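**Q**
Numbering (the numbering used here), first residue to last: 577 to 866.
Below, the structure is given as structure tokens:
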């Protein structure tokens, strides 16, 4: 890492940062300005399904050779957007980034280096923090603090044990925004679109697949600062709709298929295991809602 003028030069040309955005162009602009402070060799893939008109201030960034931009209909399900968009990734590593969060370049590079040296791990990331929202910071000042208190690596050799640990809440951290090898990243999102059609399982399923296919490493480095979401859209009726029997059974079928492949397990047995661990998750979720 060196300095040239006022910019920090990082060597990240083998990593694609996949930015998902929807009707939040001010956040997208803020994020692009953040990365502009680096002579980033990162590749960027912006997947935009906004119904709003594109912010004119964003346009100059989209002309840069390191940035690819794909526009989608506003009705597209976000997993389908990621699955379609990520097929254009040409780098060996990829990482997902929400438009209102900040993935820290040094943390991304540490995670990539770890994966290069440890082939039995499929994901790597570091420590997550919450920062105050812009509105709150104006009133009370800016602050930042740990997001997950008990997060840790999960390094069991058994895919079944890793899956259970994740869905039972034992891992704390989860690899939604971790660095992955691009081939597996693409596979995870293609498979997600086959088995998930609602928000309830849209993060859980790809994370579960990541755990099935390998270990997760949490490195002792600053990795991401996240914008807290203060809106509430979740209620009991929505919960029942997102986690109805049909959706859970379909997700269990998908997880069971991959578990059977990875563990050389009988397909009926793997389906039973997947159903059981999903039920463990639902019981834990319902306790939180009670």
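For glycine and all other residues, C-beta sits at the position ideal for the given N, C-alpha and C. Every value quoted in this text rests on a predicted model; they were computed, and no experiment measured them.
1. Between the C-alpha atoms of residue 566 and residue 858, what's the straight-line distance to the nearest angstrom?
2. In whole angstroms, what is the alpha-carbon distance linking residue 870 and residue 655?
3. Which residue or residues does DSSP assign as beta-bridge partners of residue 592?
4. Hey, residue 642 and residue 603 are a contact pair by Cβ (cut 8 Å); roughly how many whole angstroms apart?
5. Whose C-beta lies closer than 6 Å to the C-beta of residue 831 among residues of the same chain, with five residues either side of it excluded?
6. Quick check on the DSSP output: the beta strand (DSSP E) that includes residue 819 runs from which residue to which?
7. The alpha helix (DSSP H) with residue 657 in it runs from where to where?
8. Tell me which same chain residues have a C-beta within less than 7 Å of the C-beta of residue 829, skipping the five on either side of it?
9. To the nearest angstrom, how far is it from the Cα of residue 648 to the Cα of residue 608?
10. Let's see if you can read the secondary structure: which residues bound the alpha helix (DSSP H) around residue 869?
11. Can you tell me the Cα-Cα spacing of residue 799 and residue 729, whole angstroms?
12. Measuring only the C-alpha atoms, how far is residue 579 from residue 673?
13. Give the straight-line distance between the Cα atoms of residue 861 and residue 615, rounded to the nearest whole angstrom.
14. Which residues in the same chain have their Cβ closer than 6 Å to the Cβ of residue 686, if we skip the five residues on either side of it in sequence?
15. Could you pull out every residue in the same chain whose Cβ sits closer than 6 Å to the Cβ of residue 625, ignoring the five residues on either side in sequence?
16. So residue 635 is in the alpha helix (DSSP H); what residue range does that whole segment cover?
17. Give the single residue among 680, 697, 747, 695 whose Cα lies nearest to the Cα of residue 610.
18. Where does residue 678 fall in DSSP's three states?
19. Can you tell me which of the three DSSP states residue 846 falls into?
20. By DSSP, does residue 841 sit in helix, in strand, or in coil?
21. Between the C-alpha atoms of residue 691 and residue 749, what's the straight-line distance to the nearest angstrom?
22. Taking the alpha-carbon positions, what's the residue 588 to residue 664 distance?
23. Alpha carbon to alpha carbon, what distance is there between residue 767 and residue 786?
24. By how many angstroms is the C-alpha of residue 613 removed from the C-alpha of residue 636?
25. DSSP three-state call for residue 782: helix, strand or coil?
26. Residue 527 lies in the beta strand (DSSP E); which residues open and close that run?
27. Quick one: residues in its chain with C-beta nearer than 7 Å to the C-beta of residue 761, no 5 flanking neighbours on either side, listed in chain order?
**A** Quick answer:
1. An answer regarding residue 566 cannot be provided, because it is not within the stretch 577 to 866 covered by the chain.
2. In the structure as shown, the chain begins at 577 and stops at 866. Residue 870 is therefore absent and cannot be evaluated.
3. For this step, residue 592 is matched to residue 16 along the chain shown. Per DSSP, 619, 670.
4. Taking the first residue of the chain shown as position 1, residue 642 is located at position 66. Taking the first residue of the chain shown as position 1, residue 603 is located at position 27. Going by Cβ atoms, the distance from residue 642 to residue 603 rounds to 20 Å, so no, they are not a contact pair.
5. Here residue 831 refers to the residue found at position 255 of the chain shown. Excluding sequence neighbours, residue 831 sits near 784, 850.
6. Stepping through the chain shown from its first residue, residue 819 is reached at position 243. Looking at the DSSP string, residue 819 is not in any beta strand (DSSP E), and its letter there is neither H nor E.
7. Counting from one through the chain shown, the residue named residue 657 turns up at place 81. Here the alpha helix (DSSP H) through residue 657 covers 654-661.
8. The sequence position of residue 829 within the chain shown is 253, counting from 1. Contacts found: 771, 847.
9. Residue numbering aside, residue 648 sits at position 72 when the chain shown is read from its first letter. Residue numbering aside, residue 608 sits at position 32 when the chain shown is read from its first letter. The alpha-carbon atoms of residue 648 and residue 608 are separated by roughly 20 Å.
10. An answer regarding residue 869 cannot be provided, because it is not within the stretch 577 to 866 covered by the chain.
11. Here residue 799 is taken as the residue at index 223 of the chain shown, counted from 1. Here residue 729 is taken as the residue at index 153 of the chain shown, counted from 1. So the alpha carbons of these two residues sit roughly 14 Å apart.
12. If you number the chain shown from 1, residue 579 lands on position 3. If you number the chain shown from 1, residue 673 lands on position 97. Caution is warranted here: a pLDDT of 48 is assigned to residue 579, below 50, making its placement in the model unreliable, and no coordinate value can be reported.
13. Here residue 861 refers to the residue found at position 285 when the chain shown is read from its first residue. Here residue 615 refers to the residue found at position 39 when the chain shown is read from its first residue. Computed Cα separation, rounded: 43 Å.
14. Taking the chain shown and counting its residues from 1, the one referred to as residue 686 is at position 110. The answer, listed in chain order, is 795, 797.
15. Taking the first residue of the chain shown as 1, we reach residue 625 at position 49. Excluding positions up to five away in sequence, the list reads 598, 648, 650, 652, 657.
16. For the purposes of this step, residue 635 is identified with residue 59 of the chain shown, where counting begins at 1. Segment 635-638, the alpha helix (DSSP H) holding residue 635.
17. For the purposes of this step, residue 610 is taken as residue 34 along the chain shown, with counting starting at 1. Ranking the options by Cα distance to residue 610, first place goes to 680.
18. The residue you call residue 678 lines up with position 102 of the chain shown. Looking at residue 678 - three-state DSSP - the assignment turns out to be strand.
19. In the chain shown, residue 846 corresponds to position 270, counting from 1. Correct three-state label for residue 846: helix.
20. For this step, residue 841 is matched to residue 265 along the chain shown. Residue 841: coil per DSSP, three-state reduction.
21. Position 115 of the chain shown, counting from 1, holds the residue named residue 691. Position 173 of the chain shown, counting from 1, holds the residue named residue 749. Answer to the nearest angstrom: the Cα atoms are 17 Å apart.
22. Here residue 588 refers to the residue found at position 12 when the chain shown is read from its first residue. Here residue 664 refers to the residue found at position 88 when the chain shown is read from its first residue. Straight-line Cα distance between these residues: approximately 18 Å.
23. For this step, residue 786 is matched to residue 210 along the chain shown. For this step, residue 767 is matched to residue 191 along the chain shown. Residue 786 and residue 767: Cα-Cα distance of roughly 11 Å.
24. Locating residue 636 in the chain shown gives position 60, where the first residue counts as 1. Locating residue 613 in the chain shown gives position 37, where the first residue counts as 1. So the alpha carbons of these two residues sit roughly 15 Å apart.
25. The residue labelled residue 782 in the question sits at position 206 within the chain shown. Residue state, collapsed to three classes: helix.
26. No answer is possible for residue 527: it lies beyond the span of the chain, which begins at 577 and ends at 866.
27. Translated into positions along the chain shown, residue 761 becomes position 185. So the list reads 662, 670, once near-sequence residues are dropped.
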